[in-house]
Amino acid sequence: MTTSFVSNMSPDKVNLARITSVGIAVPPRILSNDDLSKMVDTNDQWITERTGIKTRHIVEKGVTCSDLAAQAALECLAKANLPASEVDLIIVATITPDMMLPATACLVQHKIGATKAWGFDMSIACSGFLYAMQVGAQFVVSGAHKNVLIIGMDIMSSIIDYTDRQTCIIFGDGGGCALIQASQKEEDGCFYDFLHEVDGSGGQFLCVPGGGSQTPASQKTVEDRMHFLKQDGPVVFKFATKRMPDLCVRLLERNGLTGKDIDVFIPHQANLRIIKSAVDRLGMPMEKVIVNIDKYGNTTAGTLPLAIDTALKEGRLKRGDLVLFAAMGAGLSAGASLIRWAY
Ligand code: UT7
């Protein structure tokens, strides 16, 4: 298998990178399908059959992205027994930052006391955590940093229109944080290869049209509900069921692998039907696939760290496992990556 990392910075110090700890944060309040059926014209049977979702977690008013991101980061650091003062870099993947600026990473840096860390946000929606993993890993592989925190966190309830039954049934709040550190040899865990692609021609199919430089916020944008997420569900569904498995297959093939070689598949939790179609294409049994969409819904950048946490807690992810991650979402964006799990 290939490791796709090449260091331009200090070729004499090229490392492998691995994930050494994961923490999560999910708000306690649960919004069930029955709750939603009292808000819009829907029902538990439709939502369960079409998406696999039963419940999602929603923040109380006033709880922000940086609040949950800091909570997840502190849990992640505590598990790694690493003081926040040792963190070099914080990358927050989110489309629901506390504010347009400053970057949520700066707020997290202050909240957790990571006094020497720099940081920035990444805005690529459901692919956010997957892309952030690769970006964070590069800083470790180059030898530039020892301890990188990557956070995938979204407060989707802040941009969801709870009168739109096509979107409000899908999304939830929450996410998690992973620590990336160096690894000396493959068996100790490492990032192997990745394949990411965007198709910007599909940007309009999943977007928040108001509040940016295209249509700055005004009374009219609010009246027209343009600050809420808009989605053409069937178009995104079609993209997801084709592009996500395509990338997985191409990534496996170029590493001489098939679905049978994968120990654990951790896909973005967008829709159970999307996950099952990818699993069919990969020819792997559902026992290898981590699914928690029934509990959390689609938390956008939060789904992958939440799924890692589920896999670890259920004892289904172990040191040495070859893990395939996959995601897709707004952009339209998609990706897949191969990782040897470290712990
Ligand atoms: O994370 C990445 C971002 N998003 C996604 O991955 C989402 C991808 N898309 C999807 O998951 C699915 O397209 C949805 C779950 C959003 C919708 O499921 P669908 O099977 O594609 O339904 P549809 O939009 O084709 O609608 C089928 C019917 C329509 O009624 P008619 O026209 O056939 O009478 C809709 O009006 O279902 C209706 N419908 C609903 N009915 C009850 C749509 N939403 C609901 C609802 N409850 N919540």
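In the numbering used here, the protein residues as written are 75 to 417.
Built from N, CA and C at the ideal position, the CB exists for glycine as well.
None of the values given here were measured: they were computed from a predicted structure.
- Nearest in C-alpha terms to C139, of all of F279, I364, R393, D228, is D228.
- DSSP places I98 inside the beta strand (DSSP E), whose first and last residues are 90 to 99.
- CA-CA distance, A410 to G210, rounds to 16 Å.
- G376 counts as buried, since at least 16 other C-beta atoms from the protein chains shown sit within 10 angstroms of its C-beta.
- By the CB criterion at 8 Å, S197 and I169 fall inside the cutoff.
- Of the candidates G357, C322, G248, the residue whose Cα lies closest to the Cα of A143 is G248.
- In the DSSP assignment, I164 falls outside any alpha helix (DSSP H) and lies within the beta strand (DSSP E) extending over 163 to 167.
- Scanning S407, L269, P290, V365 for the CA closest to the CA of F311 turns up S407.
- Checking the DSSP bridge columns, you'll see M300 has no partner listed.
- In the DSSP assignment, M207 falls within the alpha helix (DSSP H) that extends over 202 to 215.
- The C-beta of T189 has fewer than 16 other C-beta atoms within 10 Å across all chains shown, which makes the residue exposed.
- In this structure, the C-beta of A314 approaches the ligand UT7 to less than 7 Å from one of its heavy atoms.
- Residue pairing by DSSP places C180 opposite no residue, since no beta bridge is assigned to it.
- If you check the C-beta of H342 against the ligand UT7, you find a heavy atom less than 7 Å away.
- At least one heavy atom of the ligand UT7 lies less than 7 Å from the C-beta of T116.
- Shown here, I104 sits in a strand according to DSSP, grouped into three states.
- In this structure, I348 is the residue among S231, I348, A385 with its C-alpha nearest to the C-alpha of E123.
- In the three-state DSSP reduction, S407 falls in the strand class (E or B).
- Exposed is the label assigned to T237, since fewer than 16 other Cβ atoms lie within 10 Å of its Cβ.
- By the Cβ-count criterion, D172 is buried, with 16 or more other Cβ atoms from all chains shown falling within 10 Å of its own Cβ.
- If you look at T315, you'll find it in the alpha helix (DSSP H) that goes 307 to 328.
- Contact between S159 and G136 fails: their C-beta atoms lie close to 28 Å from each other, not under 8 Å.
- If you draw a straight line from the Cα of L391 to the Cα of A385, it is about 5 Å long.
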